[in-house]
Structures are given as C-alpha cells and as structure tokens.
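Add 130 to the 1-based position in the sequence shown for my numbering, that's all there is to it. The beta carbon of each residue, even a glycine, is placed where N, CA and C say it ideally should be. None of the values given here were measured: they were computed from a predicted structure.
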Amino acid sequence: MGLCDESARVANDEFEVRHHSAKDSPHIDLRERKFSEENLTLVSYQEMEAARINPHEQVCPDYASEAFVEARLAFREANEGIDDATAVVTLTQVWNLTNRAERAAWDARIREEEDREAQRARGEEQEREREAEFRAQEERAAISEEIKRNKTKYLDIPMRPPPTTPVEIPSRFATSKLQKGQYVELWYFTNAGLRHARMTDATLDEDAMVAVAGRDGKVDLVPAAAARESKNAVPDRLLTWDDFTVAVRRILFAMETAAWTEQRIKMLANFWGRLQAHPYRSSSDPLDTEALLL
C-alpha cells in the first residue's frame, strides 16, 4: 500500500469516527465544527506565512535526528515493511520534491510581481510624460501669446561689437545718385558734406515726395531728401587735397554699398590713387597740385 493510499484511508476512518460520534452527541458535533473552523483559519494563516518564506533559503531537515523520531515512527506504522533508514530517505525525498515545487511556485510569483511592478512603473512613467507634454504645450501656448502681445519685447537683437569707427552717413541725395549710377560731387563725402547731411536730412519730412524729371523725360516721385541738392556743394576741382583724400575713401565704400560693379570701382580707385601718387602732388608750386584736381 502506498503512502498516499494509507493517508487517505486514515483520513476516511477519522471522518467516520467523528461522524458517528456526532450522531451520538450533538454537543460533540458543535465542538467538532468549531474546531474545524479554527483549524481552517490556522491553515490559512500558515499558508500566508509560508508565502512569505523563500523556499530557496530553506534547508532540508535532518530526519535521522532525535527531533524526528515520532515522525519516522508514524511513517513506518503507515507503511508496513520499511525500516528506519528507509523512512529517513523517503521523508527526505518527499521534502526535496515539495521544496522543488515550492521554489518553482515562488519564482513564478516573483516574476508575476515583477511584471506587475514593471507594468505599473511604465504606466506611471507614461502618465508623467503625458502630464509633462501637456504642461509644455501650455507653456508654449502662453509664450506664443505673450510674444504676440508684446512683439517689441521679443525682437531679436544681433550681438555685435561696439563700433570702432565713427558712423558716416552721407546725404540721401548723394546715395540716391549712386544708386542710379550717376555722377555725384565728392564734396558730399567730405566732413563738411556729412555735417550738412546730418543737419538737413533730419529736418525733412520722411513721407514728403517730390516730382523729379529723369534724363529720359519721365517724371518720377522720389523722397524730398533724395531730390534736394545742397547749395553748399563744392565742385571737385575746388576741393582741398585733404578733403579729396577723405572723400575718395568714403565714396568708394558707398559705391560698393550701391552695388556698383567691381570693375568700375577698381577703375576709379586706381585713377584717384594715381592722382595722389603723382609727382605734382608733392610739388611746391600750388598750380601743380591744383592741376591734378581739374
């Protein structure tokens, strides 16, 4: 007879004994029922406690020790024909098989808990990301609305070093002439010409327009400042050499700004440069120096 069969027989006999006793004494039946409920509660508590014990950390008991004498005796009584050594081996095998099953169940429960924890963490992370994206969208919308209301406050200001040279702005009449590729007196680019431009251009209405007849006979509307020729302008031949030297450098830069061709700018630069390097430029006779500017 096997161990399982013998255990079932013993349980059945115990049930029959209790059943017949209950018929003879209803008080015994109530006591037995109360005992069974308390026993079930104890078993449930033991199962919960066992769930907290890591079976990987458990060690197989020494069934050959004095502590398990009664266990070996009960096992031998339930299984006739086996000796004490066989009982020890069998009990050890049963414990190992049970521990192996408990380890597998423990590992499965740990994996399930880890999966639930990872899923919960992913859900919380996704929720945090959604909240962060929602807040970022609200902040972007608020900034966009702020920029619309206060455009001047958010205008880009280029990072540039402070100027190392004075700002030189010729008159609009002179720059307009250069934009059209026309001749303009060098005087407008002298120190006197720049001072005159600062005084006169600032006094004219920015929106004032005047009619000007072009060389082709057509009449065009141009800003008043661009059409107003200065009465103080000095012809090139009457300039001093100091004014000529200063004006040449400035007008060449203004020609570049007005998109004159490189070939024309180089031609004028070479011409004016040769005038300044001419032998007459260092002559002691004023007629020689003045002749270069005619």
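Out of curiosity, what's the CA-to-CA distance linking Thr216 and Arg182?
So the two alpha carbons sit approximately 32 angstroms from each other.
By the DSSP assignment, the alpha helix (DSSP H) with Glu243 in it spans what residues?
Start and end: 214 to 279.
Does the Cβ of Val199 have 16 or more other Cβ atoms within 10 Å, making it buried, or fewer, making it exposed?
Classification for Val199: exposed.
From this set, Glu187, Val224, Asn184, Val189, which residue's C-alpha is nearest Arg202's C-alpha?
Among Glu187, Val224, Asn184, Val189, the Cα nearest to that of Arg202 is on Val224.
Check the C-beta distance from Asn226 over to Gln188 and give it rounded, since I have them as a contact under 8 angstroms.
Not really, about 11 angstroms apart at Cβ, beyond 8 angstroms.
Measure the alpha-carbon distance for Pro185 versus Arg241 and round it to whole angstroms.
Roughly 15 angstroms between the two C-alpha positions.
Would you check if the segment 383 to 398 and the segment 298 to 306 touch, i.e. whether three or more CB-CB distances between them fall below 8 angstroms?
Yes, the segment 298 to 306 touches the segment 383 to 398.
Where Glu200 sits in the DSSP three-state scheme
Helix, per DSSP.
Alpha-carbon spacing of Pro365 relative to Ala421, whole angstroms
Each residue's alpha carbon lies about 14 angstroms from the other.
Alpha carbon to alpha carbon, how far is Ala271 from Asn280?
Cα-Cα distance, rounded: 14 angstroms.
Distance CB(Gln450)-CB(Thr375) smaller than 8 angstroms
Absent from the structure is residue 450, since the part of the chain shown begins at 131 and ends at 424.
Ala388 beta carbon less than 8 angstroms from that of Leu316
The answer is no: Cβ separation not under 8 angstroms.
On the three-state DSSP scale, how would you describe Tyr313?
Assigned with DSSP and collapsed to three states, Tyr313 falls in coil, not helix or strand.
Apart from the five residues on each side of it in sequence, which residues of its chain come closer than 6 angstroms, Cβ to Cβ, to Leu221?
For Leu221, where only same-chain residues beyond five positions count, the Cβ hits under 6 angstroms are Tyr193.
Suppose you measure from the CA of Ile395 to the CA of Ile273; what does that come to, to the nearest Å?
Between Ile395 and Ile273, the alpha-carbon positions lie close to 49 angstroms from each other.
Within 10 angstroms of the Cβ of Gly403, are there 16 or more other Cβ atoms? Answer buried if so, exposed if not.
Burial call: exposed.
Which stretch, first to last residue, makes up the alpha helix (DSSP H) that contains Glu392?
Glu392 -> alpha helix (DSSP H) spans 392 to 407.
For the alpha helix (DSSP H) that contains Phe319, what are its first and last residues?
Boundaries for Phe319: no alpha helix (DSSP H) harbours it, and the DSSP string shows neither H nor E there.
Where does Leu172 land, buried or exposed, given buried means 16+ other C-beta within 10 angstroms?
With a pLDDT of only 49 at Leu172, under 50, the local geometry of the prediction cannot be trusted, and the value read off the model is given with reservation. Looking at its Cβ environment, which holds fewer than 16 other Cβ atoms inside 10 Å, Leu172 is exposed.
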